[in-house]
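Peer 1: Numbered per our numbering, the sequence shown finishes at 1709, counting up by one with no gaps. We put the CB at the ideal spot given by N, CA and C, even for glycine. Just passing along the structure, written as structure tokens.
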Amino acid sequence: MAQLHITEFLSLLKQSGLLTAAQWETAQNAAKQIHTSPDADIAEKLAAELVTPGLLTQWQANQLLKGQTGFILGKYRLLGPVGKGGMGHVFKARDDGSGAIVAIKVMSRKLTGNQTLVNRFRREIRASSLLNSPNIVRTLDAGRVGKVDFMVMEFVNGDQLDRITSRISSIPVSIACDIIRQAAVGLQHAHSQKMVHRDIKPGNLIIDWSADGKGTVKIMDMGLVRLGNDGAEKTSVTRAGQVMGTPDYMSPEQGWDTATVDARSDLYSLGCTFFRLLTGRVPFPGDNPLQVLMARCSKDAPSARISRPDIPEVVDGILRRMTLRDPNARFQTAAEVISALTPFCSELTQKSLRKAMQDAGLDDTGFVLNDAASGEVDSQDAGYQQFLKEMDSGAAVDLMLTTNGGQSQALSSTIPVLPQVEHRPVRPRATGVKKNRSAATITMASGGALIALVALFMFVNRNHVPETPTNAGESEVAPELGVVIPTAKLKDADPVTVRGGQVVKYQPEFDGAVPSSTGGSLQFRLGTGSPAAAKIDSATGAVEWPVSEIQTPSEYFIPIEYTFTYNNSTDVVAETTYRVTVEAGMTRYTLPRTPPLRCLSQQAIEVPLAASPPPVEGSGLTYRLGKDQLPGMSIDPVTGLFEWLPSDEDAGRHAVTVELYESSSDKVLATGSITLMIRPMSITLSLPAFAEQNATAGEAFELKLSDRPMPFFGRVLRLRILEGAPVGVQIDQKSTMLRWQVPKDAKGRYEIKLKVEPILPDMEITTGSKTDTTIVINIESGTPATLVPTDAEIAAADTELRELFKREIVQAKSVNDRAALARQLLDRAEGQTAGAADYALLNLAEEFAERGKATDIALDINQRRAERYQTDEMSKARELLSEFRATSATAGQQDAIIEHGLRLAA
């Protein structure tokens, strides 16, 4: 292909409308700046200049260089392809109105001749446009360019669950619970709109990663959603005898007749997905789809604990209930699944999945899809080329969804609205299907050998196949032509947390104008799955739910719908969901904390310590004392009456803990305390006289003041050390042990005077008691000074040290290096014992301190030598200080030297 001239490129760029006026001016300036280069006439250079600052994407630039000018679908600007699915290509685009990044799903042109697939694509548009849940990929708009259908969806920055499970065979249990719980939240919303997905599987769940790595599970691909049961639908989408879905995940009843399934079928498929997350396999593996469906029709799914024993039995029980053959035995609503799983969930994050990969010994290849996925698009694909051709031809863009400032949307007349389906009780049926292993979703019509096999299976199991329930006499009334359905939006409801016994009240508010209509009636109602006791005012929307005192602690959802009714046909025009978390409705009990009670010993004490409110008889609540109770104390387990008869030895202040607890679980519900000040009837004591004691300087001195137990001390009496005692003397009041760490320089005779004093107020000691004493201690000199090693010993040690530090000594060339080595050697001497090696180490450190002009370190070394070997520290310090020059020392060094000087002067 001939290279495009720069002027031709500018002409195409102008025609494309990709740039604003200001950006177009920037592009022209860029063209002028490269005009003088040798290849100035080559368009590729200008295209690259416009990609760098983000004026064009690389894909837009490449397409312009190929001559394409069509990039805009109404208000949507194509940025580039991001992938291809079974129905067509997906493009990344920008909404020029809001600036938001969106995804545009384009139906492949080669599929437009298949009316069933066209209906399915438009069906996905209809279904998802009616939904607004953070756990469902939202449809924002839809339309047609030329003969190509497309729909606009929120752009999800994430990974499909089947890609994640292909890398991590077994997801951690708590994370798997959260993934399934979030998917159930999306299903709860869809089911509240009377929609059944019919193809829940890992490939239709995508995780949207936020900037902080938290994951939101979203349901995709609404192409098989069942919106109604009108005749047109049965003939065009779900004829009797057709099987739609994925055999590995579809419910038994879906294998028999897709048209009869309800919400419980989605819960079965979600259970199979749960099984896959936990075990790395599907419940009924097999290559033959008929055998797979026959297996699930004849028996319930196996326990996941067979493959993975670490799964808690409760979680396995939830999974098994989700995958029971009988729909009536399963969870009946997604809300029940949410409630069951919530206690076992941990937050879904990229960090938690990365840890799971590391635990499995796998490489972390990342979780977030990015623009690299565009490399998977086949630019030569006929459907891809056809869509770009339609774009480039300037074909008219027909939007199928009408929007209200991007806030709300309604279906245009080009997409007929189907009546809502009724909930049908379904019994499991036995059947078989043929599966194309290369397809993600299959559609199989009855015929040939398949009919024979199914008939054979039905014959064998004929006693287990119930009759198909019918709805004779039912009819659907279509809205009158020309009646306009109002549009509205309700503000998101903030979640609340309550306890059993409380009343929940909520008033929904409209986001924008309150809708009105003269052709029908507007009113509020509660959606499917609301708690049974919840009520709503149909006129105002006020919700009230008196939560039962015995309500199961869990998360509950109250769907609120604003509906339009005309001629017996009802449409939901606005909705929101109120989330209520019910915590255990446990009564809050309190126990008293009594002020100090003054009591005499040998007198009985009774104190009532009942809780408020009093526990109900038979509630299993019991009183007990804490671990700080004393012998003889007791409390009545039923009434809370405290009793104690203290003795003289119990004299003192006592604080005792009182607890109210559940006898079945040992859970403490309330805590109180009782404080008692016990005075003895009388106290007579006589401190003994002590003979003079001897102690050694530098060693610890201990003296037991009483050979017999003295329980009063520390509780009623205390021994006080009077003024004049040496510093550091201490007394342990309970053991009456006197302790003193005698200083190394202590010598001579010391006196320690003690006196007994009462602790409790208004307490007197019996007249005649001896309450003071004096202890005399004579200090002997400490251990003799360590002898300085001989010169020969020091020299031998010095030789070894210089060999040991040979490399450090050679490298210490600068003044700073030598000072640093001196500090290193001194630090090493810290743990040394006295001896020739230690003395030589101090000498070597001193040598490098002097060579490094580090007077502060030299003074530290001198102090260490004097303490360890009793050398003359003062003489050496004078010598060092006389050679010190302040100009060569830092502020920190000067401070250290001054501290040495003050210490020596003292």
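1. Look up residue 944 in the DSSP assignment and say whether it is helix, strand or coil.
2. Quick check on the DSSP output: the alpha helix (DSSP H) that includes residue 861 runs from which residue to which?
3. By a C-beta neighbour count over all protein chains shown, 10 Å radius and 16 as the cutoff for buried, is residue 1189 buried or exposed?
4. Would you please state the rounded distance, in angstroms, between the beta carbons of residue 1159 and residue 975? I believe it to be under 8 Å.
5. Which stretch, first to last residue, makes up the alpha helix (DSSP H) that contains residue 826?
6. At what residues does the beta strand (DSSP E) containing residue 1324 begin and finish?
7. Can you tell me whether residue 1364 is buried or exposed? The criterion is at least 16 other CB atoms within 10 Å of its CB, across all chains shown.
8. Which of the three DSSP states is assigned to residue 1146 in this structure?
9. Do residue 1362 and residue 1330 come within 8 Å of each other at the CB atom, strictly closer than that value?
10. Are residue 948 and residue 1194 closer than 8 Å when you measure CB to CB?
11. Nearest to residue 1713 by CA position, among 1596, 1009, 857 and 973, is which residue?
12. Any idea if residue 1422 is buried or exposed, counting beta-carbon neighbours within 10 angstroms, 16 or more meaning buried?
13. Pick from 1571, 1004, 1393 and 996: whose alpha carbon is nearest that of residue 986?
14. Taking contact to mean 3 or more Cβ pairs, one atom from each stretch, closer than 8 Å, check whether the segment 1289 to 1298 and the segment 1363 to 1380 are in contact.
15. Return the CA-CA distance between residue 1569 and residue 1451, expressed in angstroms with no decimal places.
16. Residue 1478 and residue 1398: beta carbons closer than 8 Å?
17. Taking the straight line between their C-alpha atoms, what separation do you get for residue 821 and residue 911?
18. Could you give the distance in angstroms between the alpha-carbon of residue 978 and the alpha-carbon of residue 1535?
19. What does the Cβ neighbour count give for residue 808, buried or exposed, with the cut at 16 atoms within 10 Å?
20. Output yes or no for whether 8 Å exceeds the beta carbon distance between residue 1128 and residue 1103.
21. Assuming contact is defined by CB atoms lying nearer than 8 Å, are residue 1582 and residue 1549 in contact in what I supplied?
22. Suppose the cutoff is 6 Å on Cβ atoms and the five residues either side in sequence are ignored; what does the same chain contact list for residue 936 look like?
23. Taking the alpha-carbon of residue 875 as reference, which of 1454, 953, 1406 and 846 has the nearest alpha-carbon?
24. Pop quiz: residue 1302 and residue 1358 are said to be a contact at Cβ under 8 Å. What is the actual Cβ separation, rounded to whole angstroms?
25. Check whether the Cβ atoms of residue 1075 and residue 1085 sit closer than 8 Å, and answer yes or no.
26. With DSSP as the reference, label residue 1035 as helix, strand or coil.
27. For the beta strand (DSSP E) containing residue 1715, name the first residue and the last one.
28. I need the DSSP call for residue 853, collapsed to helix, strand or coil.
29. Excluding the five sequence neighbours on either side, which residues of its own chain have a C-beta within less than 8 Å of the C-beta of residue 1326, listed in chain order?
30. Near residue 1601, which residues of its chain fall below 6 Å by C-beta distance, leaving aside the five closest residues on each side in sequence?
31. What residue ranges within the segment 1366 to 1393 form continuous beta strand (DSSP E) runs of no fewer than 3 residues, ordered along the chain?
32. Quick one: what does DSSP say residue 1656 is sitting in, helix, strand or coil?
33. In the DSSP assignment, what are the bridge partners of residue 1496?
34. Buried or exposed for residue 1376, please, with buried defined as at least 16 other CB atoms from any protein chain shown within 10 angstroms of its CB.
35. For residue 1138, which residues of its own chain have a beta-carbon under 6 Å away from its beta-carbon, when the five flanking residues on both sides are left out?
36. Do residue 1476 and residue 1459 have their C-beta atoms closer together than 8 Å?
Peer 2: So, from the listed chains and residues:
1. strand
2. 861 to 868
3. buried
4. 5 Å
5. 824 to 836
6. 1324 to 1329
7. Label assigned to residue 1364: buried.
8. helix
9. Yes, they are a contact pair.
10. yes
11. Residue coverage of the chain in this structure runs from 804 to 1709, which leaves residue 1713 outside it and unanswerable.
12. exposed
13. 1004
14. Three or more Cβ pairs closer than 8 Å define a contact, and the segment 1289 to 1298 meets that threshold against the segment 1363 to 1380.
15. 15 Å
16. yes
17. Rounded to the nearest angstrom, the two C-alpha atoms are 25 Å apart.
18. 56 Å
19. exposed
20. yes
21. Going by C-beta atoms, residue 1582 is nearer than 8 Å to residue 1549.
22. 989 and 992
23. Per the Cα distances, 953.
24. Under the criterion of beta carbons closer than 8 Å, residue 1302 and residue 1358 do not qualify as touching, at roughly 14 Å.
25. Here residue 1075 is near residue 1085, since their CB atoms are less than 8 Å apart.
26. The predicted model places residue 1035 with a pLDDT of 38, which falls under 50 and marks its position as unreliable; any figure quoted below should be read in that light. Looking at residue 1035 - three-state DSSP - the assignment turns out to be helix.
27. Lying outside 804 to 1709, the shown extent of the chain, residue 1715 is not represented and no answer is given.
28. It is helical.
29. Result list for residue 1326: 1341, 1342, 1365, 1366 and 1368, in chain order.
30. 1643
31. 1372 to 1386
32. coil
33. DSSP lists 1580 as partners of residue 1496.
34. Here residue 1376 is buried. Its C-beta has 16 or more other C-beta atoms within 10 Å.
35. 991, 1332 and 1360
36. For the pair residue 1476 and residue 1459, the CB atoms are nearer than the 8 Å cut-off.
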